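Take 307 as the starting number for the sequence shown in my numbering and just add one per residue. For glycine and all other residues, C-beta sits at the position ideal for the given N, C-alpha and C. All values reported here derive from a predicted model rather than from experimental measurement.
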Amino acid sequence: MDTTNCYHCGDSCEKEHLVFDDKNFCCNGCKTVYEIFSTNNLAYYYEIQESAGATPKATANKFNFLDNEEIATKLLEFNEEGVQVAQFLIPHIHCSSCIWVLENLNKLNSGITTAQVDFPKKKVRITFKSNQITLKELALLLARIGYEPNISLEDYQKKTDKKDHSLLYKLGLAGFAFGNVMLLSFPEYFEVGEFWLDQYKHTFRWLMFAFSIPVVLYAAKDYFISAYKGIRSKLLNIDVPIALGILVLFLRSTVDIIMDWGSGFFDSLTGLVFFLLLGRFFQQKTYDYLSFERDYKSYFPIAVTRLSVSGQEENIEIHQVKKGDRLLIRNEEILPVDAILIKGKAQIDYSFVTGESEAVLKQSGDRLFAGGKQIGAVIEIEATKSVSQSYLTQLWSNAVFNTNKASNFQTLTDAIGKRFTLAVLTIATLATAFWLWQDPTKALNVFTAVLIIACPCAIALAAPFTLGNLIRIFGKKGFYLKDTNTIERLAKIDTLVFDKTGTLTTHKETEITYHGMPLNDEEAALLKNTLRGSNHPLSRSLYDLLATYDIKTLDSFREDTGKGVTATYNNNTIKLGSASYTDGRNPEISETAVHINYNARHKGKYLFKNAYRKGIEKLFTSLHSKYKLVILSGDNDGEREILEKKFPFKLPMFFNQKPQDKLRYIEQCQKSAHVLMIGDGLNDAGALAQSDVGIAISDDINVFSPACDAILSAEKLNALPLFLELSKKSIQIIKLSFVLSLCYNLIGLSFAVTGRLEPVIAAILMPLSSISIVVFTTVATNYISRKL
């Protein structure tokens, strides 16, 4: 019988055996896929994981229904200016090689722009150019390379995606084996001298061996795969010693029962895998819960302006938007839903979705897609769908905004895991060398015992449980983080940079006075309609102050970030903003003002006496002793004196800062510090993205900035020191967990290096360390959060 396995999929080549490029294939489909990958320089696919592919199925005429434009449109998430976005459910995604090849689809077809894989949900989101590849051709391409998409309109409408239960199966198998092996091990633990137990002890040992085989080959396979990839990439990740421990436990135990030296460590082996998988299961449940909160509990605390039948404007929470609602979208606001343009001239920037920043012009009646950003005058839209918080979450995590923050930051687990791995291998080598010189008969036992007892399962569990629980706690308190990596970066912060307007100040209590020539009704109406389109805090304050005038559609609208606004209507032009922007004059240093220039004539100015958020003095005082504080503002330094009086200490203040100036300042600070930037998300997007951690303050400003790492509800700003303190405490909890784990390892190693490791000791220490770490991290994070 021919037992040759296929190079692509790993199946046996019994029915058909093809040879190409000195490699064996089970069918022409697998050979074709190999040719495709090889021709397009994607052969590395097979180096990531051997036999990772799936046999392509016959797909002729299978996707013909995608030729129907109406059906294809329902499957598209985005369709604008020749760029389309579709998301496919692909059940075959199972390993890192699948992720790698799917995220390199652009090498197979130049019409594909990007592809993002959601591994837990087995989905891939693909952006492609419709003039180069159609949706049908894309589905056929995926099927040809063994990743046939599961397309069902009913599934898409009901969102009943199939879930991956493989972790649950592995956990169940490991738990079943662990329970049975422990039961079979008890007689030898206590050395019961009962005749029948003694007669059948060899049978019990081989039964334990049988129970352990599927645990090692199936339940624990992910750890071996991860360790192998790490070694191939010349990285000693935390899974290397775990995989070594599992492998040595199994081999050592097998040798023990073959040579009749004892019952081995099968109980410790199955227990170790069970608790590792249990930790992974709890971690998955934690993130599933967080995902649920994001979807249904208004994860982003941002508002949207809804228009009533009478035309009245009201700010509502974004998840309250329903199909048919008429919404007002201002300059720089993101469309929260798919909609139809009802009124106004839309210039939609879809860079948040596609990465392409060129604005698309739209007329009344045109369809608009969620995620686009309006550039220009205010528009009115009618929602054709309800808001999907999960879509906004996806937008926040879009690869377009993936900076190198996380990739350049070494997590605590990675840093300690590498050192731990080196330490374990060093101790094992030195102890073995000593016993080779002292008593060679114990050398092998000592080497295997060290690797067995020093398995870092507790270390692997500490960070996921601590940080995952903390993200949940933060979310309940109005502080929403993008990922757990952000917490570790928060703990390292030593410099805090604050924007002033909209961050330290609130427009709700601002005092405004007008100085200049009175405005007639025509001028006031144009002023009102111009302010209506801007989201700057001063514009919002002034807009709320003015009396109601008829709403008109402006002929043109332009907002120059950090400077002012220009609009025209019926050949009349109005400019609002700083003195230099409206008239080219130098501003008064001691004032915060919005100047009005109507048809090239200076009419007057609105003077603002900023109202600072309550508790700002206490906030800065509590932060001052621990952090370097800086204020960056785009306004003039008219309120420098007020700020200096508020704080009993000196702190750097920089005014007249343009967005690029803020970004450059952050870059300069990062040469010697870890910087946290807190802004309102309007003029601070660049600085938020550049900083080590960027926090966007969310008030009733209807702007969402994907550039940030976290969103903080404005009313929770005074709790910032507590959030920072809790982040530092969480790292201490993780370190204490590592110390606790180290204590277990030192106790076990004292038995291992002296050649006195008994199965009962390993059976107690290994699961006890895992359980105690999980309990400790959960209880500790809950305790310190309540205390703070």
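ask   = By Cβ distance below 7 Å, which residues in the same chain neighbour Leu447 in space, the five residues on each side in sequence not counted?
value = The residues are Leu414 and Asn415.
Cβ contact check for the stretch 630-645 and the stretch 879-889: 3 or more pairs under 8 Å = no
task = Going by CA-CA distance only, name the one from Phe425, Asn437, Ser344 and Ser1091 that's closest to Leu773.
result = Ser1091
ask   = DSSP puts Glu386 in a beta bridge; with which residues?
value = Val389
task = Note down the Cα distance separating Ile845 from His901, rounded to an integer number of angstroms.
result = Per the sequence shown, the amino acid found at residue 845 is Ser instead of Ile. Each residue's alpha carbon lies about 11 Å from the other.
task = Would you please state the rounded distance, in angstroms, between the beta carbons of Thr611 and Glu623? I believe it to be under 8 Å.
result = Not really, about 12 Å apart at Cβ, beyond 8 Å.
request  = Report the rounded CA-to-CA distance for Tyr602 versus Ile1003, giving the unit in angstroms.
outcome  = Here the model assigns Tyr602 a pLDDT of 33, short of 50, so the residue's position is not dependable, and the following value carries that caveat. Each residue's Cα considered, the two are about 21 Å apart.
message = Taking 8 Å as the threshold (C-beta atoms), are Ile972 and Ala991 in contact?
response = Taking the C-beta atoms as reference points, Ile972 is found no nearer than 8 Å to Ala991.
message = Quick check: what's the CA-CA separation for Val1059 versus Phe515?
response = 25 Å
ask   = Going straight from the alpha carbon of Thr867 to that of Gln966, what length do you get?
value = Whole-angstrom Cα-Cα distance: 11 Å.
message = Any beta carbon of chain E sitting closer than 8 Å to that of Ile342?
response = This model lacks chain E altogether; it includes just one protein chain.
request  = Please state whether DSSP places Gly573 in a helix, a strand or coil.
outcome  = Gly is not the amino acid found at residue 573; the sequence shown has Asp there. When secondary structure is reduced to three states using DSSP, Asp573 falls in the helix class.
ask   = Looking at C-alpha atoms only, which residue of Trp567, Ile1077 and Gly577 is the closest neighbour of Ser518?
value = Gly577
query = Out of Glu688, Val981, Lys368 and Ile439, which has the shortest C-alpha to C-alpha gap to Ile457?
reply = Lys368
task = Within the same chain, show all residues whose beta-carbon is closer than 6 Å to that of Leu583, passing over the 5 residues directly before and after it, in chain order.
result = Closer than 6 Å at the Cβ level, and outside the excluded window around Leu583, lie Lys476, Leu477 and Ala480.
ask   = Is Leu832 near Tyr875, with beta carbons less than 8 Å apart?
value = yes
ask   = Taking C-alpha atoms, which residue in Gln669, Arg636, Met565 and Pro493 lies nearest to Asp573?
value = Pro493
query = Straight-line CA distance for Lys915 to Asp827?
reply = 26 Å
key: Assigned secondary structure, Asn1088 (DSSP; H/G/I helix, E/B strand, else coil)   = helix
task = Determine the extent of the alpha helix (DSSP H) in which Lys427 is found, giving its start and end residues.
result = Where Lys427 is concerned, there is no enclosing alpha helix (DSSP H), given that its DSSP letter is neither H nor E.
ask   = Taking the continuous alpha helix (DSSP H) assigned at Lys968, which residues delimit it?
value = Pro965 to Cys975
query = Taking the continuous beta strand (DSSP E) assigned at Phe866, which residues delimit it?
reply = Looking at the sequence itself, residue 866 is Asp, so the reference to Phe does not match. Looking at the DSSP string, the run of the beta strand (DSSP E) that includes Asp866 is Ser862 to Asp866.
query = With contact counted as at least three CB pairs below 8 Å, one residue from each stretch, are the stretch 933-944 and the stretch 952-961 in contact?
reply = yes
inquiry  = Under DSSP, the beta strand (DSSP E) around Asn878 begins and ends at which residues?
reply    = If you look at Asn878, you'll find it in the beta strand (DSSP E) that goes Asn878 to Gly883.
inquiry  = Within a Cβ cutoff of 6 Å, which residues of the same chain sit near Lys464, ignoring the five residues on either side of it in sequence?
reply    = With a pLDDT of only 44 at Lys464, under the threshold of 50, the placement of this residue in the model should not be trusted; the figure read from the coordinates follows. By the criterion of a C-beta distance shorter than 6 Å, Lys464 is surrounded by no residue of its chain, once the five residues flanking it on both sides are discounted.
key: Exposure label - Val1081; buried when at least 16 CB within 10 Å   = exposed
Cut-off 7 Å between Cβ atoms - residues of its own chain near His884, not counting five sequence neighbours on either side = The question names His, but residue 884 in the sequence shown is Ser. Cβ within range, chain order: Lys869, Gly870, Pro893 and His901.
query = Any idea if Met983 is buried or exposed, counting beta-carbon neighbours within 10 angstroms, 16 or more meaning buried?
reply = buried
request  = Can you tell me which of the three DSSP states Ile685 falls into?
outcome  = strand
key: Three-way DSSP call (helix, strand, coil) for Glu623 in this model   = strand
task = Quick one: residues in its chain with C-beta nearer than 8 Å to the C-beta of Thr1083, no 5 flanking neighbours on either side, listed in chain order?
result = Excluding residues within five positions, the ones whose Cβ falls inside 8 Å are Leu767, Ala768, Phe771, Thr772, Asn775, Ile1039, Ile1040 and Ser1043.
inquiry  = At the level of alpha carbons, what is the spacing between Phe326 and His471?
reply    = 36 Å
ask   = By the 10 Å Cβ neighbour count, where 16 or more other Cβ atoms means buried, how is Ser1056 classified, buried or exposed?
value = exposed
ask   = Would DSSP call Asp317 helix, strand or coil?
value = coil
Bridge partners - Lys668, DSSP secondary structure assignment = Ala652
key: As assigned by DSSP and simplified to three states, the class of Val407   = helix
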